[in-house]
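Per mature numbering (1 follows the signal peptide of the UniProt record, and there is no 0): the sequence shown = residues -25 to -1, 1 to 649.
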Amino acid sequence: MMRQFRAGLIAAVLGLLSFAPISHATANDTIDPITTGTVQANAGAPAADARGSAAFRAALDELLDGDPVAAYTKARALPDAMERRTIQWAAIYFNAGKIDYQSVQRFAADAPDFATQGIYRTRIEQSLAKAETDPNAVVAALGGTMPNTIDGQIMLAKAYLAQGETSRATSIAKSIWIDNFLTEEQETEVLDTLGSLLDRDTHWARAMHLMMHDRARGSERLLPYLSDAQKSLVVARAAVSRNDADAKARLDSVDPSMQSNPVFIFSRAQRARQFELWESAVDWLAKAPDVVPDAAEWWYERRTLLRKLLDVGEPQLAYRAAADYDKGPEGRLVEARFHAGWIALSFLDDAASAKTHFTAMAGLSTLPDSVTQANYWLARANLKLGDTAAAQAAFEAAARYGNVYYGQLARTELGQAGVDLRPLPDWRQSEALFDSNPIVRAVRLLAANGQANMAVPLLRNFGNGLTGGAEMLLAARLAQEIGAHHVAIAIANTADQRGTPLDLFSFPEDGLPTNAQLAADRAAVYAIARQESMFQIDAVSSAGARGLMQLMPGTAQDVARKVGVDYSASRLVSDAAYNALLGSTYLGAQLDRYDGSLVLAAAAYNAGPGNANKWIKAYGDPRADNVDPVIWVELIPFQETRTYVKRVLGNYLVYRQRLGDSPVTLQQALRSIR
């Protein structure tokens, strides 16, 4: 239950709270000093010409009124090359297929830095498709490289076929059919226009791909093109994917010639798991051949299985499921090595095997989350083995990344509270050259005309192409100037991976508006908002969560009613203060529910209180002295929520320091933030 005093506090401040939408240009005028001193926000162009020429503004109005062709045409007459390119880029970028492909080709040659070649290529394909261009023109425009879009690939294959280039058409058609998830309309078009180029082997390869991704309906649509033996496996696999009652009978009736097929082996393992035949499931996975289709899917099945095995008290089988995975994408191998080591150390008391796995994991990745996780657990394994010197070295290796969860845990072990915000590179010598860059000028021009959102993809692409630390700092600062904190954070994270720390931009202090009234611990609100949206005011998730703190409309409506404010769906994505009030109120309710446990509050914020309560019942209470909260977090069964909780905790320590709160260790924060 939400405490009554919180509702009273909120009611008291409502009269003072302005709910006007936050401007896109409300970043602080200065960024905190670190070692290099204060980074002053650039004032940009003089006010008299900040919005560009009258002709530029007229062309922009055409664009905003929904007539990109008229805007593009007007832009041709603009004498300023930067103004011209800004309008033409926006007309191309935001209006798929509406600018003719010849114009896109010319613009790509004239302004290659305004977008990636992939974007230009995609827009050319979309323009060609809308124009229903003749085959010769399609081949001239697209021939030589595979198109980016499925529709572009279909168009090129059809063009080659019309020219009598059957071999080229067949190669593209097979690639389309085997490697992609298609809409039913695209499937129909391929079969109607290119179907004569597809043989049974090609249909079978597509069926294999779809079956491994649980696309039962798609694989069943291929049944007319397959042999009886192949059909038997498709039908059985579909039954397993749907968890049908007759799935085992279907598997038993699969043609013997198909029973060594990787999809059959995978399906047997999955069905064994569904029926809690634990050892059989592990044994079937062990029968996988050296080369398997869609290798990542094999890891996901192993991960689901091993976590079930831990839940039912079978850690030895869980260890086998993790340790036996040695063929697949590097990112999945990192996960597998971690799980094998973690299970060996935490459930089997086998520190020697754990050390082997964590050492292997440390050599597979350079990403801070993975490096710190590997070294932190390697240190714990070394402590168990009595090697304190090796443990100290591993803790120190993890602690070098003090802004992330496991780096902060390592700092706790080394007796260090808080975080070390690293010094920024000197940017002063690069500022004038940066400001003169046409793309920088274009970003500021759009922002000055109230179109900061339009400038975001331009700035994001520009930032991705930078390599110098000073230039990346200035790009992150520019993103903050226009209110695009999510872009600043992305640029800062990329810079960090390239060896230039930009901590102040990665954890902005002005991510929430100054007029926001917060109903929960301020550092915790910042930690949640950074993880939810990277402070993007108009963010909308695929699930429908909205705004700065990614509130589902139903939750927001319920909180608004309890607080006593009108609910507005549009304000969730336009008014940062409104979103922060509702989101912080909901977060505060979770912190109240769980007595100040940010671990449980974050888990509930992401996965719902019902799931958090289930996990307390299953794995113990992370607030209790007899439960290791570090292991508890790793036991969260949802991958997304595990990662979410770790990142929120990591963000929290940084924001305590950024916002001037007294430093704490992560171990303290894992118990309670009150």
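In this text, a Cβ means the ideal position worked out from N, Cα and C, and glycines have one as well.
Fair warning: this is a prediction, and the values are worked out from it, not measured in the lab.
With C-beta atoms as the reference, is Ile464 less than 8 Å away from Ser481? Yes, Cβ-Cβ distance for Ile464 and Ser481 is below 8 Å.
Starting from Ile99, follow the alpha helix (DSSP H) in both directions and report where the run begins and ends. According to the DSSP assignment, Ile99 belongs to the alpha helix (DSSP H) that extends over Gln92 to Ala106.
Output needed for Val215: all residues of its chain with C-beta closer than 8 Å, excluding positions within five of it in sequence on either side, in chain order. Contacts found: Ala222, Arg225, Leu226, Ser242, Gln245, Arg246 and Gln249.
Should the segment 502 to 520 be called in touch with the segment 434 to 445, which here means at least 3 C-beta pairs below 8 Å? No, the segment 502 to 520 does not touch the segment 434 to 445.
Endpoints, the alpha helix (DSSP H) within which Thr560 is located: Residues Ala551 to Arg568.
Which partner residues does Leu526 have in the DSSP bridge list? Partner(s): Arg521.
By a C-beta neighbour count over all protein chains shown, 10 Å radius and 16 as the cutoff for buried, is Asp265 buried or exposed? Here Asp265 is exposed: its Cβ has fewer than 16 other Cβ atoms, across all protein chains shown, within 10 Å.
What's the C-alpha gap between Ile129 and Tyr275? A straight line joining the alpha-carbon of Ile129 with that of Tyr275 spans about 32 Å.
Can you give the beta carbon distance from Arg295 to Val257, rounded, assuming they're within the 8 Å contact cut? For a cut-off of 8 Å, the C-beta gap from Arg295 to Val257 is around 5 Å, short enough to register as a contact.
Find out if the Cβ-Cβ distance for the pair Leu389, Asp478 is shorter than 8 Å. Judged by their CB atoms, Leu389 and Asp478 are not nearer to each other than the 8 Å cut-off.
Tell me which residues share the same chain as Ile153 and place their Cβ nearer than 7 Å to its Cβ, disregarding the 5 neighbours each side in the sequence. Within the same chain, and ignoring the five residues on either side of Ile153 in sequence, the residues whose Cβ sits closer than 7 Å to its Cβ are Thr177, Ala180, Arg181 and His184.
Coarse secondary structure for Val257, derived from DSSP in three states: If DSSP states are grouped into helix, strand and coil, Val257 belongs with the helices.
Could you tell me the alpha carbon to alpha carbon distance between Arg192 and Ala213, rounded to whole angstroms? Pairing Arg192 with Ala213, the inter-Cα distance amounts to about 8 Å.
Terminal residues of the continuous alpha helix (DSSP H) containing Ser146? Thr141 to Asp154 is the span of the alpha helix (DSSP H), which, as asked, contains Ser146.
Measuring alpha carbon to alpha carbon, tell me which residue in Ser142, Thr124 and Ser171 is nearest Thr158. Comparing Cα-Cα distances from Thr158 to each of Ser142, Thr124 and Ser171, the minimum goes to Thr124.
I'd like the list of long-range same chain contacts for Ala319, defined as Cβ closer than 7 Å, with 5 residues on each side in sequence excluded. For Ala319, the CB contacts under 7 Å within the same chain, skipping 5 residues up- and downstream, are Tyr294, Asp325, Ser328, Ala329 and His332 in chain order.
Is it the case that the Cβ atoms of Leu169 and Ala204 are separated by a distance below 8 Å? Cβ atoms of Leu169 and Ala204: not closer than 8 Å.
Which one of Tyr627, Thr616 and Ile611 has the shortest CA to CA distance from Leu285? Nearest C-alpha to Leu285: Ile611.
Quick check on the DSSP output: the alpha helix (DSSP H) that includes Tyr351 runs from which residue to which? In the DSSP assignment, Tyr351 falls within the unbroken alpha helix (DSSP H) covering Pro343 to Lys359.
Take the Cβ of Val287 as the centre, count every other Cβ of all protein chains shown within 10 Å, and call the residue buried at 16 or more, exposed below. Classification of Val287: exposed, given that the 10 Å Cβ count is below 16.
According to DSSP, residues forming a beta bridge with Val515: Paired residue(s): Arg521.
For the alpha helix (DSSP H) that contains Glu305, what are its first and last residues? Glu305 to Ser321 is the span of the alpha helix (DSSP H), which, as asked, contains Glu305.
Where does Gln194 land, buried or exposed, given buried means 16+ other C-beta within 10 angstroms? The sequence shown places Ser at residue 194, rather than the Gln named in the question. Label assigned to Ser194: buried.
What would DSSP say about Ser228, mapped onto helix, strand or coil? Three-state result, Ser228: coil.
Cβ neighbour criterion (16 or more within 10 Å) applied to Ser637: Flag for Ser637 reads exposed.
Using beta-carbon positions only, say whether Ala551 and Leu487 come within less than 8 Å of one another. Yes; because the gap between Cβ atoms is below 8 Å, this pair is in contact.
Cα-Cα separation between residue 654 and Ala494, rounded to whole angstroms: Residue 654 is absent from the model: the chain starts at -25 and stops at 649.
Just the C-alpha distance for Ala531 and Gly558, rounded to the nearest angstrom, thanks. Those two C-alpha atoms are separated by around 8 Å.
One question on the structure: do Glu37 and Ala46 come within less than 8 Å of each other, judged by their Cβ atoms? Result yes, Cβ atoms of Glu37 and Ala46 sit closer than 8 Å.
Give the secondary structure of Asp299 by DSSP, where H, G and I count as helix, E and B as strand, and everything else as coil. Secondary structure at Asp299: coil, using DSSP grouped into helix, strand and coil.
Top-ranked residue by Cα proximity to Ser207, from Arg217, Met187 and Met233: Out of Arg217, Met187 and Met233, Met233 has the C-alpha closest to the C-alpha of Ser207.
My output table needs one value for Glu251: the three-state DSSP class, helix, strand or coil. Coil at Glu251, not helix or strand.
Would you call the segment 598 to 607 in contact with the segment 448 to 461, where contact means no fewer than 3 C-beta pairs closer than 8 Å? The segment 598 to 607 and the segment 448 to 461 do not touch, with fewer than 3 CB-CB distances between them shorter than 8 Å.
With burial defined as no fewer than 16 other Cβ atoms inside 10 Å of the residue's Cβ, what is the status of Met429: buried or exposed? Under this definition Met429 is a buried residue.
To the nearest angstrom, report how far apart Pro21 and Thr442 are at their CA atoms. Confidence at Pro21 is low in this model, with a pLDDT of 39, below 50, so its placement is unreliable and the value that follows should be read with caution. Cα-Cα distance, rounded: 29 Å.
Sub-8 Å separation of Tyr95 and Ala83 beta-carbons: Going by C-beta atoms, Tyr95 is nearer than 8 Å to Ala83.
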